[in-house]
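Peer 1: In the numbering used here, the protein residues as written are 1168 to 1469.
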Amino acid sequence: YAKNEELGRDGLIGNLYSRKILRVTDKNSKYYNYPLLPENSEDAEWQSEDEYSKVGNYNPSFIMGFQTTLSYKNFSLSMTFDWRSGGQYVSQTWRYLTEGVVSNTWLNQLVIPPDGLGGNPSNALRDWVVANADALIFTNNPRPVGGPTPDFGGYYNDFYTGIGAYDGTFAPGVYGYYDDSGNFILTKENLGNEGTEFRPYVMSYPWDIGEANLFDADYVKLREIALNYRVPQRASQKLGIRDLNVSVYSRNIMIWTKNAGMGIDPEKAYQSAGNGTFKQGVERFNAEPWVVPVGFKLSFSF
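1. Measuring alpha carbon to alpha carbon, tell me which of Ser1220, Val1458, Gly1407 and Val1449 ends up nearest Arg1418.
2. Identify, in the order they occur along the chain, each residue of the same chain with its Cβ nearer than 6 angstroms to the Cβ of Val1415, setting aside the five sequence neighbours on each side.
3. Residues in the same chain with beta-carbon distance under 6 angstroms from Ser1468, minus the five sequence neighbours each way, listed in chain order, please.
4. Span of the beta strand (DSSP E) holding Trp1423?
5. Starting from Ala1332, trace the beta strand (DSSP E) in both directions and tell me its first and last residue.
6. Leaving out five residues on either side along the sequence, give the residues of the same chain with a beta carbon under 6 angstroms from the beta carbon of Glu1361.
7. May I ask whether a heavy atom of the ligand HEM can be found less than 7 angstroms away from the beta carbon of Leu1406?
8. List the endpoints of the continuous alpha helix (DSSP H) containing Glu1266.
9. I'd like the list of long-range same chain contacts for Leu1237, defined as Cβ closer than 6 angstroms, with 5 residues on each side in sequence excluded.
10. If you follow the alpha helix (DSSP H) that Asp1249 is in, where does it begin and where does it stop?
11. Comparing C-alpha positions only, which one of Asp1217, Tyr1198 and Ile1180 sits nearest to Ile1188?
12. Just tell me which of Ile1422, Tyr1342 and Val1461 has its CA closest to the CA of Pro1202.
13. Using the rule of at least 16 other Cβ atoms within 10 Å of the residue's Cβ for burial, across every protein chain shown, is Lys1388 buried or exposed?
14. For the 8 angstroms Cβ check, are there 3 or more pairs between the segment 1260-1267 and the segment 1368-1383?
15. Excluding five sequence neighbours on each side, which residues of the same chain lie with their C-beta closer than 7 angstroms to the C-beta of Gln1276?
16. How many angstroms separate the CA atom of Ala1300 from the CA atom of Gly1232?
17. Rounded to a whole number of angstroms, what is the C-alpha to C-alpha distance between Tyr1345 and Leu1353?
18. Determine the direct distance from the alpha carbon of Thr1306 to that of Arg1397, and round the result to whole angstroms.
19. I'd like the list of long-range same chain contacts for Trp1250, defined as Cβ closer than 6 angstroms, with 5 residues on each side in sequence excluded.
20. Report the residue from Leu1183, Glu1206 and Gly1254 whose alpha carbon sits nearest the alpha carbon of Pro1433.
21. For Glu1356, which three-state DSSP category applies?
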């Protein structure tokens, strides 16, 4: 995208763009910057803007590699590390697994209300949401309140089937519209008080909000490791060999990331996909097993 300051587009190479949460833009309204929710929606989701805005950049601050070798008598241990610092990436693996509710990725992100505030709407719940507005209302990384069971603070809802269950969540925000002068007219609050619309937990993921799938790409990898043993010359010379070394080595030993709980390798966002496409900063379906090959090496000279 070309530079556009209004949309936060600085024109830098490596920018990542997505739709952000649609918010109340009337600065004179008490609900300024509150999420503006879609009317008659079947999902407990936030509404997205029509335009794409910058949400990150996939370029790192720096990439560094370093090696070290530790020796003790006839043994030597060599290790190679890779370090990537800075940048973000979008995870399609996270997006699809979460939307399909086939993993605990979204369950672990839910906002569980305090004891006594789950189950049903109340003014006390509204007061708690407003008191935590920075985390629940003004955040760029939205999370619904509630959960799939009463233990997770699930709210009563009978949406779709008409059969009630305490598996509801709600998206903190407001419903409303703008008059001809641009003033925001509130229809109703969706902050946990009476009138709040609860939807089943399985419908709570904000699919259109790209920031929900945006993560820091920092990582440190123990890329390679090798253990070498140099056979003493007295033993090797009995075999007619002047110098004999036996080694065992492996790759992809360990990775440290800011989002280790996801089980996703950020480096996959910077490699070509299997079909030959190459989209920097977008990690796609990184569900294959973590491969740790092991090899042996025998070197000798006469």
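A virtual CB, placed ideally from N, CA and C, is assigned to each residue, including glycine.
Peer 2: Working from what's here:
1. Comparing Cα positions, the closest option is Val1458.
2. So the qualifying residues of the chain are Leu1394 and Phe1463.
3. Arg1409 and Asp1410
4. Asp1410 to Thr1424
5. Annotation for Ala1332: the continuous beta strand (DSSP E) segment containing it runs Ala1332 to Phe1337.
6. Pro1288
7. Of the ligands one can find in the structure shown there are none, so the ligand HEM has no counterpart to examine.
8. Gln1259 to Glu1266
9. Leu1244
10. Asp1249 -> not in any alpha helix (DSSP H); beta strand (DSSP E) instead, spanning Phe1242 to Ser1252.
11. Asp1217
12. Tyr1342
13. buried
14. yes
15. Arg1310
16. 42 angstroms
17. 9 angstroms
18. 58 angstroms
19. Residues Met1231 and Val1387 of the same chain have their beta carbon placed closer than 6 angstroms to that of Trp1250, with the five preceding and five following residues left out of the count.
20. Gly1254
21. strand
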